[in-house]
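Beneath this line is the structure, given in C-alpha cells, with notes to follow.
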Amino acid sequence: MKLMAMRFGEDDENIRILLDLAGVHATDAALDLLTQLYPYWEPPVKTRFFLEELLGPADRPRSQ
Numbered sequence: 002m003k004l005m006a007m008r009f010g011e012d013d014e015n016i017r018i019l020l021d022l023a024g025v026h027a028t029d030a031a032l033d034l035l036t037q038l039y040p041y042w043e044p045p046v047k048t049r050f051f052l053e054e055l056l057g058p059a060d061r062p063r064s065q
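Position in the sequence shown (first residue = 1) + 1 = this note's numbering.
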C-alpha cells in the first residue's frame, strides 16, 4: 500500500525498509508484488520511477 500512495521525500526510507524486510531487491519483483496485491490497479508512474531509481531498471516494458 505504501508504494501505491507514496510521496517523494516523505516515504522513501519507509519503502526501502519495507522492501528489504520483504526480501524484494528488484524492480520487477516489487511490481509483481503490487500486481498480486492490487490486480485491478496499475501502479502510478511515480512508483515505477522510484523503484527503478532504488532497485535498478525493470525488465518488463511499461504499460501504455
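Note that the Cβ used here is the ideal one computed from N, Cα and C, for glycine as well.
Own chain residues within Cβ distance below 6 Å of residue i, not counting five before or after
{"i": "L34", "result": "none"}
{"i": "V25", "result": "A31"}
Sequence-distant residues of the same chain with beta carbon closer than 8 Å to residue i, five excluded per side
{"i": "P58", "result": "T28"}
{"i": "R17", "result": "L55"}
{"i": "T48", "result": "L4, M5, M7 and L35"}
Reduced DSSP category for residue i - H, G, I as helix; E, B as strand; rest coil
{"i": "L9", "result": "Residue 9 is actually Phe in this sequence, not Leu. F9 falls in the coil class under three-state DSSP."}
{"i": "L22", "result": "helix"}
{"i": "K3", "result": "coil"}
Sequence-distant residues of its chain with Cβ nearer than 7 Å to residue i (five each side left out)
{"i": "Y39", "result": "M5"}
{"i": "D60", "result": "D29"}
Integer Cβ distance of residue i from residue j, believed to fall under 8 Å
{"i": "G32", "j": "L52", "result": "At residue 32 the sequence reads Leu, which differs from the Gly that was named. Confirmed, Cβ separation roughly 7 Å."}
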